Structure formats: structure tokens, C-alpha cells
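**Student:**
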Amino acid sequence: MSLKVNADSDPYANLPPICTALFEAKAKKALTFDAIAKAIGRDEVWVAAAFYGQAKLSPEELTALSQALEIPHGSLQAELGENWWPRRGLGPMPPTDPVLYRLYEGVLVYGNAIKAIIHEKFGDGIMSMIDCKVNIERKPDPKGDRVLLTFDGKFLPYLKW
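Going by this note's numbering, the letters in the sequence shown line up with residues 31 to 191, in that order.
1) Specify the secondary structure class of D73 as computed by DSSP and reduced to three states.
2) Please report the straight-line C-alpha distance between W76 and L95, rounded to a whole angstrom.
3) For T93, which three-state DSSP category applies?
4) Could you say which of D127, I66, E90 lies nearest to A79 if we only look at CA atoms?
5) Can you tell me which residues form a DSSP beta bridge with L179?
6) Among K68, E112, D73, which has the Cα closest to the Cα of K86?
7) Thinking C-alpha only, which one of P128, I148, N165, P89 is nearest F181?
8) In whole angstroms, what separates the C-alpha of K157 from that of W191?
9) Write down the C-beta distance between S105 and I48 rounded to the nearest angstrom, noting that I regard them as a contact closer than 8 Å.
10) Which residues mark the beginning and the end of the alpha helix (DSSP H) in which Q84 is found?
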């Protein structure tokens, strides 16, 4: 079976070719991000971020990923090993993908309110996206299932000197 990802279309166009190979191997094996996450000992959102070139896999994670996706370890090591570093960020703003745009819209509409409440509850500082866990759950609802999105980030106070 040969499943191809259109590497010339978003969101794949600006990814390293090895990332396209990851998506193709995932499709070929009919694996979810959750299944891959369990195979390498990480969370599904973190694994998805790694597929998009937004997270750095350790040598042990590269080995486990190679086994899970049946991609030669040497290929993963050469492309994503010690000499490769993520280029983090979303891309052009505002995003045009409907899901990404709605997340962006959420920050535009509720950003100042969220910021004010963080300051009220924690003081002057920020929520880390470096020390942050993201969780996505499906919440049944009679009016239509809901998306429960949680950002569990460490609070970092601004320093005074």
C-alpha cells in the first residue's frame, strides 16, 4: 500500500521531507497520534507537534518511532537527529485553516480577559509554552460533542532587579 501526502500543499509545504515521510508511514500503518505516542512514551499532542517539525525527538524516541512506523532508523537519525533543531511557530498570520483560525480567534476575543484573570490569580507574569502540557478531549453533549482543550502551563513571574 502506498499512501502519499501532497508535500506541495499546506500544512506540509514548508516541512522537511522527513516529516512528509512520517505522515505517510503513519497513514500506511493506519496509526493514530495516540498509538504512536504510546509506542514512544510521549503524549499524542507532543507527537503530533514532532511530526510537524515543532518538537525535538531524543535518540531513544527516534529509535522507538523507527520501530513503530517501520522507517529505517538511519533515515530518521540523519534527518531528525542531533544536528536538526525545530523551527517553532505557526506560519503566516492570520491562519487560513478553519481550526487554526478559530484558535487564533479565541485568543483575539478572549486574550485580554484571560491575561487579566491570570494576573489577578497569579500576579505579574506569563504562562509558559515551554513548560506546558496540552490535552484534547472529546466531551459528549446532547447538543453536539464539545472539544475540551486544556493548556497546563507553568506560571513564570516577571523578575525585578
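Backbone N, C-alpha and C define an ideal beta-carbon position, used for all residues, glycine too.
Bear in mind the structure is a predicted one, so any value in this text is a computation, not a measurement.
**Tutor:** On the basis of the data shown:
1) By one-based count along the sequence shown, residue 73 stands at place 43. Note: D73 maps to coil in three-state DSSP.
2) In the sequence shown, residue 76 corresponds to position 46, counting from 1. In the sequence shown, residue 95 corresponds to position 65, counting from 1. C-alpha separation (whole angstroms): 13 Å.
3) Taking the sequence shown and counting its residues from 1, the one referred to as residue 93 is at position 63. T93 falls in the helix class under three-state DSSP.
4) Along the sequence shown, read from residue 1 onward, the residue named residue 79 stands at position 49. Residue I66 is the option with its Cα nearest to A79.
5) For the purposes of this step, residue 179 is identified with residue 149 of the sequence shown, where counting begins at 1. DSSP lists I166 as partners of L179.
6) For the purposes of this step, residue 86 is identified with residue 56 of the sequence shown, where counting begins at 1. When only C-alpha atoms are compared, the closest one is E112.
7) Within the sequence shown, residue 181 is the residue found at index 151, counting from 1. The residue with the shortest Cα to Cα distance from F181 is N165.
8) Against the sequence shown, residue 157 aligns to sequence position 127. Against the sequence shown, residue 191 aligns to sequence position 161. Note that residue 157 corresponds to Met in the displayed sequence, not to Lys. About 21 Å.
9) Sequence index remark: in the sequence shown, residue 105 carries index 75 (1-based). Sequence index remark: in the sequence shown, residue 48 carries index 18 (1-based). With a Cβ gap of about 7 Å, S105 and I48 count as contacting.
10) Counting from one through the sequence shown, the residue named residue 84 turns up at place 54. Taken as a continuous stretch (DSSP letters only), Q84 belongs to no alpha helix (DSSP H), as it is neither H nor E.
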